[in-house]
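Here the structure is laid out as structure tokens; the discussion comes afterwards.
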Amino acid sequence: RCLACEMQSLARPEVCLFSASRTRQHIRAGPATLTHHRLTPPPPRSPQLAARTLSLRLRATMATPSPSYYKRVLPEPCVAFSSPEGRAIFKAALLSGGMECYMQLAEQFTTQAEPAYCGLASLAMVLNALDVDPRRKWKGVWRWYDERLLDCCVSLDRVRQSGVTLDELVCLARCQGVQVDTHTFGSFTLEEFRETLRRECSQHKSFMIASYSRKALNQTGDGHFSPVGGYFEEKDLVLLLDVARFKYPPHWVKTAVLFDAMSRPDADTGRPRGYVTLSKPPALPS
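First residue of the sequence shown: 1, per full-length UniProt numbering; consecutive thereafter.
Okay, here's the thing in structure tokens:
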């Protein structure tokens, strides 16, 4: 069959524009002498075969897709930051002086770039809030922290698969030249933790990152890192600036609940969780 036949058969498979024996003649004569040759149609398929073919096609197009989610409902005892109750808590905490750390962190609030990047995103957020110069280009001519610049202690490929431990987060922070105070669970009491919250949240020269288990907060998942964005002493509430914003919004939680969440050891390493405070040494230039 000629090219014209092939093209026409896509739309009308039973029609052939040229007979094979007359192809050359038609080409010499031009389009005015085109003739049609009707091909013998295939025998009709049985209803059973047609139904089976249709079923197979439907099954192929309706294969079960991989699951996907749009956010999660924030469970109790957490209070969403933007809810009426959350706003009232924020206003009262702001007036009481427990939100001094919030503004710099809010300016740098970010969403983690990978599902296991909570530690890297929390650290990048705090480093930018501390005005630490990474001394490396981010994009174009700009030096700025994002997760990809935090690769000195553990490979990003490994972090993408399994995240970081508290010890690895400390190593990454020290690589950036900041001062890190580590507090693993068991080295502090609940009251000492409250005192740290009062002190750290009433100033903006250092910031806290908590390492905890989501399970204690009735959330899905397990190990997580979040910067601490404020403290309301009157109701003993901590603001967690959750960097997994695709999953949960920022939220308030009782200090005792967060304390319990930090008490649960890392399931992969068996090591305790806890929190770190990060500050810029006086000698470190901006």
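Idealized CB from N, CA, C, for every residue including glycine. Treat the numbers as computed from the prediction; the structure is a model and nothing was measured.
Segment contact, 8 Å Cβ cut-off, at least three pairs: the stretch 164–176 with the stretch 244–260: In short, these stretches do not touch, since the Cβ pair count stays below three.
Bounding residues of the alpha helix (DSSP H) (the contiguous stretch that carries residue 179): That residue, residue 179, is in no alpha helix (DSSP H); its beta strand (DSSP E) goes 179–184.
Please classify residue 253: is it buried, with 16 or more other beta-carbons within 10 angstroms of its beta-carbon, or exposed? Residue environment analysis places residue 253 among the buried positions, since at least 16 neighbouring C-beta atoms fall within 10 angstroms of its C-beta.
Can you have a look at residue 86 and say buried or exposed, based on whether 16 or more other CB atoms are within 10 angstroms of its CB? So residue 86 ends up on the buried side.
By DSSP, does residue 208 sit in helix, in strand, or in coil? Three-state result, residue 208: strand.
How far does the alpha helix (DSSP H) with residue 263 in it extend, from its first residue to its last? Segment 255–263, the alpha helix (DSSP H) holding residue 263.
Just the C-alpha distance for residue 280 and residue 108, rounded to the nearest angstrom, thanks. Their backbone Cα atoms lie some 16 Å apart in a straight line.
Could you tell me whether the stretch 89–104 touches the stretch 199–211, using the rule of 3 or more Cβ pairs below 8 Å? Flag = yes, the stretch 89–104 and the stretch 199–211 touch.
Integer Cβ distance of residue 210 from residue 117, believed to fall under 8 Å: Rounded, the Cβ-Cβ distance is 16 Å, inconsistent with contact.
Would the stretch 186–199 count as touching the stretch 74–91 if we require 3 or more Cβ pairs under 8 Å? Short answer: they don't touch.
Please report how far the alpha carbon of residue 79 lies from the alpha carbon of residue 251, in whole angstroms. Approximately 5 Å, taken between the alpha carbons.
Run of the alpha helix (DSSP H) containing residue 172, from where it starts to where it stops: Its alpha helix (DSSP H) spans residues 166–175.
Measure how close the beta-carbons of residue 272 and residue 282 come, nearest whole angstrom, since I'm counting them as under 8 Å. Not quite, the Cβ-Cβ distance comes to about 31 Å (not below 8 Å), so this is no contact.
Could you compute how far the alpha carbon of residue 231 sits from the alpha carbon of residue 269? So the two alpha carbons sit approximately 30 Å from each other.
Residue range of the unbroken alpha helix (DSSP H) whose run includes residue 69: In the DSSP assignment, residue 69 falls outside any alpha helix (DSSP H), carrying neither H nor E.
Three-state secondary structure (DSSP) of residue 278: Strand.
Give a yes or no on contact between the stretch 210–227 and the stretch 150–159, applying the rule of three or more CB pairs nearer than 8 Å. No, because fewer than three Cβ pairs between the stretch 210–227 and the stretch 150–159 fall closer than 8 Å, the two stretches do not touch.
Opposing strand residues paired with residue 139 [DSSP bridges]: The secondary-structure analysis by DSSP pairs residue 139 across a beta bridge with 142.
For the putative contact between residue 149 and residue 123, defined by C-beta atoms under 8 Å, what is the C-beta separation to the nearest angstrom? Their Cβ separation, rounded to whole angstroms, is 10 Å, which puts residue 149 and residue 123 out of contact at 8 Å.
Give me the Cα-Cα distance between residue 140 and residue 233, rounded to the nearest whole angstrom. A straight line joining the alpha-carbon of residue 140 with that of residue 233 spans about 44 Å.
Under 7 Å between C-beta atoms of residue 160 and residue 114: In contact: residue 160 and residue 114 (Cβ atoms closer than 7 Å).
Could you tell me if residue 36 is buried or exposed, where buried requires 16 or more neighbouring beta carbons within 10 angstroms of its beta carbon? Note that residue 36 scores a pLDDT of 48, beneath 50, so its modelled location is shaky; the value from the coordinates is reported in the next line. Exposed is the call here.
Just to confirm my understanding: we take residue 136, look at its own chain, exclude 5 residues before and 5 after, and list those with CB closer than 8 Å. What are they? Cβ neighbours of residue 136 beyond the five flanking positions: 143, 149.
Which residue comes first and which comes last in the beta strand (DSSP E) that contains residue 239? Annotation for residue 239: the continuous beta strand (DSSP E) segment containing it runs 237–240.
Neighbour-count burial assignment, residue 111, 16 or more Cβ in a 10 Å radius: So residue 111 counts as exposed.
Residues bridged to residue 230 (per DSSP): BP columns for residue 230 point to 239.
Which residues in the same chain as residue 206 place their Cβ atom closer than 7 Å to its Cβ, once the five residues preceding and following it in sequence are excluded? Annotation for residue 206: 200, 277, 278, 279 place their beta carbon closer than 7 Å to its own, counting only its chain and skipping 5 residues before and after.
How would you label residue 219, buried or exposed, when you count the other beta carbons within 10 angstroms and need 16 or more for buried? Residue 219 should be labelled buried.
Residue 175 to residue 127, Cα distance in whole Å? One C-alpha to the other measures close to 12 Å.
Distance check for residue 134 and residue 146, CA to CA, integer angstroms please. Residue 146 and residue 134 have their C-alpha atoms roughly 10 Å apart.
What do you reckon, are the CB atoms on residue 163 and residue 119 nearer than 7 Å? Closer than 7 Å, so yes.
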